Each structure stands twice: as structure tokens, then as C-alpha cells.
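Okay, structure first, notes after.
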């Protein structure tokens, strides 16, 4: 099995099973639209917009529903920040499903891992991403933020953690109500450990 590709920009997919499939191929902040649920979740669109500073990879199913969801995201993010990936239309049904999709084709979760690997590898090459380190172009990436860093400043595992996370989200222009895992992924796109620590210390001094 090839080593996972480290992708430093967010990847948007439709559902949790798509996210699970990609977890075998890439290391990235994968955001799910929850299918058509994205139309009811303004905070999810706000998150995608905020994290698209260096771009966002959009990978939806190649059916009518996937096209609608793709257009929704593309309408919210500047066109020059969208990197579209398209899976081929292959007839079939995912194992977990009792019946095939309306159009009878496989979605992202049903794609061969080798195909997905090649798709992301090719895109990474075009974007100048070093998939072994997660650096993009000439940008040097600092030390990553880990969950222990969130715990140190009370953003997880302590009384009032949710409120503290909301305050940190406000500092970075992120939507409120993020889980520790979602916040960690977002922060590692927007900053590094040094930048996070400076912000966390500043917020602590305000309290």
C-alpha cells in the first residue's frame, strides 16, 4: 500500500462514507456537506469559505445530486479557489446500500482507492504540493497543532471549553459551534503551532 498523500488544503465531499474512503488515500481536512444538508447549514458554507484562502478541492458524486451540491459550493467560493475533481461514471452499487443510486452509478465511496490516489496525486503535482510533507509551493509549514495544544488552553476536555472554542473561532473568522476535531483541522490550515500559541496566550490574558 502506498503512503498516504498529505494534502494541505481542505477537501469537500458529500458524506461520511466518502470521507472514510478518502482516509485510506490522503491525510487532509475533509469536510462533508452532509448531502443536501449543506443548504440548511450556513455555518458549513461559512467554514468552507473561510478555509479556501489557498483553495479547496471539491469532489462530489458524478450524478445529478452531486452536481447540485457542487454548484452550491462553487457559488460560495471564488472560482479561482476551487479545484474540481471528477470521478468517472461507473455503473454499480456500493456494498452497504440495498439499492443503487437513482442513476445507477457509483459514488466517491465506491471508487477504487488506486484511482483516487492517482487523481489526488495528479492534482497535487499541478498545484505544486509536496505530498510527503504537505507543503504547497514555496510556503514553509511550521509545526502542526495537536489536540494536546487545545487541551492546554482549555479548548477541549474542560468546563467552559465550548465557549472558549467559540472565542478562538472568532479570532480566526471561523463559525461558532465547532467540535474540537473540526477546529483542529481548520486551525492547521490557517496557522501553525507557533501562531496558535500566540493567539491562545493573548486570549488567555484577556480573561
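In my numbering, the protein residues as written are 7 to 213. No residue lacks a Cβ here, since even glycine has one placed at the ideal position from N, Cα and C. These numbers come from a predicted model, not from an experiment.
Inset, instruction - State the Cα-Cα distance for the pair residue 120 and residue 27, rounded to the nearest angstrom. - result: 11 angstroms
message: Checking 9 angstroms against the spacing of the C-beta atoms, do residue 84 and residue 57 come in under that value?
response: No, the pair does not count as a contact, with Cβ atoms beyond the cut-off.
Legend entry - Environment of residue 50 [buried if 16+ CB atoms lie within 10 Å]: Buried is the call here.
Check: Are the region 187 to 203 and the region 152 to 162 touching, with three or more C-beta to C-beta distances below 8 angstroms?
Finding: yes
* To do: Determine the burial state of residue 4: buried for a count of at least 16 other Cβ atoms within 10 Å of its Cβ, exposed for fewer.
  => Here the chain covers residues 7 to 213 and nothing more, so residue 4 does not appear.
Do you know how far the Cα of residue 92 is from the Cα of residue 102?
-> 22 angstroms
* Asked: Run through DSSP, which three-state label would residue 111 get?
  -> Correct three-state label for residue 111: strand.
Check your understanding: Which value, in whole angstroms, describes the spacing of the CA atoms of residue 30 and residue 23?
Key -> Spanning the two alpha carbons is a distance of roughly 12 angstroms.
request  = Pull up the distance between the alpha-carbon of residue 66 and that of residue 89, whole angstroms please.
outcome  = 12 angstroms
Cβ-Cβ separation, residue 135 to residue 194 (assumed contact under 8 angstroms), whole Å
With 8 angstroms as the limit, residue 194 and residue 135 do not qualify as a contact, their Cβ atoms being about 15 angstroms apart.
### Query
Of all the options 138, 171 and 179, which has the alpha carbon lying nearest to the alpha carbon of residue 153?
171
Please tell me whether residue 12 and residue 63 are closer than 9 angstroms, where the distance is taken between their beta carbons. Residue 63 is positioned such that its CB atom lies no closer than 9 angstroms to that of residue 12.
Rounding to the nearest angstrom, what Cα-Cα distance links residue 131 and residue 44 in this structure? 30 angstroms
- Alpha carbon to alpha carbon, what distance is there between residue 183 and residue 209? 18 angstroms
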